[in-house]
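Engineer: One structure is given below, represented as structure tokens, and several questions about it will come after.
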Amino acid sequence: MSIFVTRDTRLVVQGITGRDGSFHAKQMMEYGTRVAAGVTPGKGGQRFEGKVPIYDTVADAVRETGANTSVIYVPARFAPDAIFEAADAGLKLIVCITEGVPVLDMTRVLPFVREKGARLIGPNCPGAISPGRAKVGIIPGSICKQGSVGVVSRSGTLTYEIIHHLTHADMGQSTCVGIGGDPLIGTNFIDCLAAFEEDSGTRAVVIIGEIGGTDEQDAATFVKEKMKKPVVGFIAGQTAPPGRRMGHAGAIISGSSGTAAEKMAAFEAAGISVMKRPADVVPLLKKRL
Amino acid sequence: MNLHEYQARHILKTAGIPVPDGDVASSPAEVEAIARRLGKGVVVKAQVHTGGRGKAGGVKLAKDPAEAQSVAGRILGMQIKGLTVHKVLVAPAADIASESYAGIIVDRSSQRPVVMVSPAGGVDIEEVVAKTPEKIFRHAIDPRFGLLPHQAMGLALKLYPGVEQARKAADILQRLYQVMLSTGASLVEINPLITTLDGGVEALDAKIVVDDNELDRRPEIAALRDASDEADSERRAREANLTFIKLEGDVACCVNGAGLAMATMDLVKFYGGQPANFLDIGGSSNPQKVVDALSIITADPNVKSILFNIFGGITRCDDVANGIVTATKQLKFSLPIVIRLTGTNEKEAMEILTANGFNAGTDMDEAVKQAVALAKQAA
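Line by line, the protein sequences give chains U and V. For what it's worth, the working numbering labels the leading residue of the first sequence as 1, then goes sequentially. For what it's worth, the working numbering labels the leading residue of the second sequence as 1, then goes sequentially.
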């Protein structure tokens, strides 16, 4: 089994004719994801790669194809409205890959998405992949392997690094979710941990956090109080200086809060096995399984 | 992006928030002229993007224009936490009856703009939050309706029991929220918000932090950037669309992705080295980015070895390999390079590198150990 992204995923790609959207739509199709439709205003009626019907609006795409999930590759200035549009069309899972969405826009987007009963993953995230079933986003399918380890992360390539270690050790994954590096995101660690705890196909979870905010500390409390499955964790940014934005908009130590040390201590106290380096993921998981 | 105090004061004033008179100057003579115009005792404040200006001697009172000029002579050109003072703000020495705090931040947990006020103003608000949290009052704004008058008034009454002053403060809070929206700020702050001896309420110091993601659609705000206040390497990196932060160590790191870049720095430390920088070349496949990155890295005289750590996803390893080959031909430096590449087009990348006399591996730990050892040999 898996979470969020499953065999039942029927995908609409917003921005399917753009540079990133077309590249990744092809990759997702090659991986076996059911790409039901694409959306680019003004290109309705055309077909992508001669196969996938393109519509002018998400509402049209949903009505005509029964799509149930959206993935967004449009440029940052159009991304907030793309999320509004997907939620308005009744989609219940919206994955926004786009980086650079202003945080004040997100303060308006997030309550709207919740009122519509939808889940947003991202923005500024690599999306999710359930190996052997479907991928929604940009995580390279080739590094993953089907199995029973759930992975949730605020990062992109660091997640690939850790998945790579897992796959090489023959520890396949149920689902890998990148929740995004921005300060305001639709799906947080706890949402994913709760879903993994419920998922019968997940036996253990790897959580990859970083400096900035308190999402990891909240996740630690959740693990301690609500989870039975073993959890292994990593925090990036032990050597990051305070007050500087480390690439991700959300990766910043403000004053003395949000440090890696504080988050690692919260993990330890909650019974999460803490990796000192990415390669530790395999031995730590083996110990806990 | 941080705005200077004088820029933030100007924005607040334009938005109708009472701000004491004053002006910005870049020479002692200009300071003297401003002090003469203000016609009374003044305060001269260094305009640099760092806290603790007062403690560093960057804020001084002067009783007359002549003293203002001599004070400015000492502050202009001084170094505060590594930043050179190019400009000072000259403002009348205020007659302060009380000091409070008013700020609005985009709060990560409530995912809303949150107004915070405190009667304990003039000091570091983080300290107030940590030590006397009962002195902080908050309201999470619903962005659909904005900060409503009674909500602003409720907060203002926590600062001032007198309704006259509370009304003035409530008006300031509502205007401050408008400033946040119109500048695309992630933080707007008045500290201190003062009451004057004649009963006025004024913003004595202001801070605005603009969300970098807003700059593309707000060229007028982007134009306020003070490039002289950035380290040279960081300015060059920003212009090349790279995320670069200079650190104190000697192992330079060139990585794709912010999380992996941080983890690489951490691993350098884990194996006994010190990272020289944070550098994310991003998800692009453009070899020119690698050339720009290497040119910035090699300009740092502390650097003893260079470590590439690339996990190809969108980034293609062969593009990075081509960038390394081009850059080393163009730049002519003798620093040792350790390359780790894996993922998309790894095989092609290895062929390119081998053909050009480079060694490259696929294991992150091995590469980091090697880069640390090379830096130690050179030290």
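Quick reminder that beta carbons are idealized off the backbone N, C-alpha and C, glycines included.
Chain U beta carbons: is any one of them nearer than 8 Å to that of T243(V)?
Structural biologist: Answer yes: the Cβ-Cβ gap between T243(V) and chain U drops below 8 Å somewhere.
Engineer: Using CA atoms only, rank isn't needed, just tell me which of L104(U), V62(U), F112(U) and H248(U) is closest to A89(U).
Structural biologist: Among L104(U), V62(U), F112(U) and H248(U), the Cα nearest to that of A89(U) belongs to V62(U).
Engineer: Measure how close the beta-carbons of D280(V) and A258(V) come, nearest whole angstrom, since I'm counting them as under 8 Å.
Structural biologist: That pair is a contact at about 5 Å.
Engineer: Quick one: using the 10 Å Cβ neighbour count with 16 as the cut-off for buried, is R9(V) buried or exposed?
Structural biologist: Answer is buried; the Cβ neighbour count reaches 16.
Engineer: Enumerate in chain order the residues of its own chain whose CB-to-CB distance from I136(V) is below 7 Å, with the five nearest sequence positions on each side excluded.
Structural biologist: Same-chain partners within the cutoff: M116, S118, V128 and V129.
Engineer: Listing by chain order, which chain U residues have their CB less than 7 Å from the CB of F270(V)?
Structural biologist: Chain U residues near F270(V): K276 and R277.
Engineer: Closest Cβ-Cβ distance between N211(V) and chain U: below 8 Å?
Structural biologist: First, the residue type needs correcting, since residue 211(V) is Asp and not Asn in the sequence shown. Answer yes: the Cβ-Cβ gap between D211(V) and chain U drops below 8 Å somewhere.
Engineer: Would you list, in chain order, the members of the segment 94 to 111 of chain V that have their beta-carbon closer than 8 Å to a beta-carbon of chain U?
Structural biologist: Those would be V106, R108, S109 and Q111, in chain order.
Engineer: Any beta carbon of chain U sitting closer than 8 Å to that of S186(V)?
Structural biologist: So, interface residue.
Engineer: At a Cβ cut of 9 Å, what residues of the segment 245 to 269 of chain U count as close to chain V, listed as they run along the chain?
Structural biologist: Within the segment 245 to 269 of chain U, the qualifying residues are R245, M246, G247, H248, A249, G250, A251, S254, G255, S256, S257 and A260.
Engineer: Counting Cβ pairs, one atom from each stretch, are 3 or more of them under 8 Å apart for the segment 259 to 275 of chain U and the segment 212 to 222 of chain U?
Structural biologist: Yes: at least three Cβ pairs fall under 8 Å.
Engineer: On a CA-only basis, which of S186(V), A68(V), V19(V) and K55(V) is nearest A29(V)? Give me that one, please.
Structural biologist: Among S186(V), A68(V), V19(V) and K55(V), the Cα nearest to that of A29(V) belongs to A68(V).
Engineer: By a C-beta neighbour count over all protein chains shown, 10 Å radius and 16 as the cutoff for buried, is R340(V) buried or exposed?
Structural biologist: Classification for R340(V): buried.
Engineer: Beta carbon of L76(V), beta carbon of V88(V): below 8 Å?
Structural biologist: Yes, the pair counts as a contact, with Cβ atoms nearer than the cut-off.
Engineer: With a 10 Å radius around its C-beta and 16 neighbouring C-beta atoms as the bar for buried, classify F48(U) as buried or exposed.
Structural biologist: The residue in question, F48(U), is buried, as its Cβ has 16 or more Cβ neighbours within 10 Å.
Engineer: Taking the CB atoms as reference points, tell me whether D21(V) and L38(V) lie closer together than 8 Å.
Structural biologist: The answer is yes: Cβ separation under 8 Å.
Engineer: To which residues of the same chain is G184(V) closer than 6 Å at the C-beta, ignoring the five residues directly before and after it?
Structural biologist: Same-chain partners within the cutoff: V210, D211, E214 and R218.
Engineer: Against chain V, does P102(U) count as a neighbour if the rule is that its beta carbon must be under 8 Å from one of theirs?
Structural biologist: Taking Cβ atoms only, chain V reaches closer than 8 Å to P102(U), which makes this a yes.
Engineer: Cutting at 7 Å between CB atoms, please list the residues of its own chain near V123(V), excluding the five before and the five after it.
Structural biologist: So no residue of the chain qualifies.
Engineer: From the beta carbon of I80(V), is the nearest beta carbon of chain U less than 8 Å away?
Structural biologist: No, no contact with chain U.
Engineer: Quick check: is the beta carbon of G73(V) nearer than 8 Å to any beta carbon in chain U?
Structural biologist: Closer than 8 Å: no.
Engineer: For the segment 187 to 221 of chain V, enumerate the residues whose C-beta is nearer than 9 Å to any C-beta of chain U, in chain order.
Structural biologist: Here the close residues are D211, D212, N213, E214, D216 and R217.
Engineer: Whose Cβ in chain U lies nearer than 7 Å to the Cβ of N256(V)?
Structural biologist: Near N256(V) (Cβ distances below 7 Å), the residues of chain U are T157.
Engineer: I want to verify the contact list: residues of chain V whose CB lies under 7 Å from the CB of G213(U), in sequence order.
Structural biologist: The answer, in chain order, is R108.
Engineer: Residues of chain V with CB closer than 8 Å to the CB of G181(U), please, in chain order.
Structural biologist: Those within 8 Å of G181(U) in chain V are A258 and G259.
Engineer: Give the residues from the segment 130 to 153 of chain U that approach chain V closer than 9 Å (Cβ to any Cβ), ordered along the chain.
Structural biologist: Answer in chain order: I138, I139, P140, S142, I143 and S153.
Engineer: Runs of 3 residues minimum, wholly inside the segment 87 to 130 of chain U: which ones carry the beta strand (DSSP E) assignment?
Structural biologist: DSSP runs (the beta strand (DSSP E)) wholly in the segment 87 to 130 of chain U: 93 to 96, 119 to 121 and 127 to 130.
Engineer: Just verifying my parser: in three-state terms, what is the DSSP assignment at M116(V)?
Structural biologist: Note: M116(V) maps to strand in three-state DSSP.
Engineer: Would you mind stating whether R154(U) and G180(U) have Cβ atoms separated by less than 8 Å?
Structural biologist: Yes, these two residues count as a Cβ contact at 8 Å.
Engineer: Throw me the rounded Cβ distance for the V106(V) and L184(U) pair, which I believe falls under 8 Å.
Structural biologist: 7 Å between Cβ atoms; contact.
Engineer: According to DSSP, simplified to helix, strand and coil, what is P192(V)?
Structural biologist: In this structure, P192(V) counts as strand in the three-state DSSP scheme.
Engineer: What residues in its chain sit with their C-beta under 8 Å from that of A204(U), if we drop five residues either side in the sequence?
Structural biologist: The residues are S148, V149, G150, K229, P230, V231, V232, L285, R288 and L289.
Engineer: Measuring CA to CA, which of A249(U), K226(U) and R34(U) is closest to I272(U)?
Structural biologist: Ranking the options by Cα distance to I272(U), first place goes to K226(U).
Engineer: CA-CA distance, K40(V) and L159(V)?
Structural biologist: Distance between the alpha carbons of K40(V) and L159(V): 29 Å.
Engineer: Can you grab the Cα-Cα spacing for the pair D280(U) / L307(V), in whole Å?
Structural biologist: Taking the straight line from one Cα to the other gives about 21 Å.
Engineer: Mind listing the chain U neighbours of T344(V)? Cutoff is C-beta to C-beta under 9 Å, in chain order.
Structural biologist: Within chain U, the residues near T344(V) are P140 and S142.
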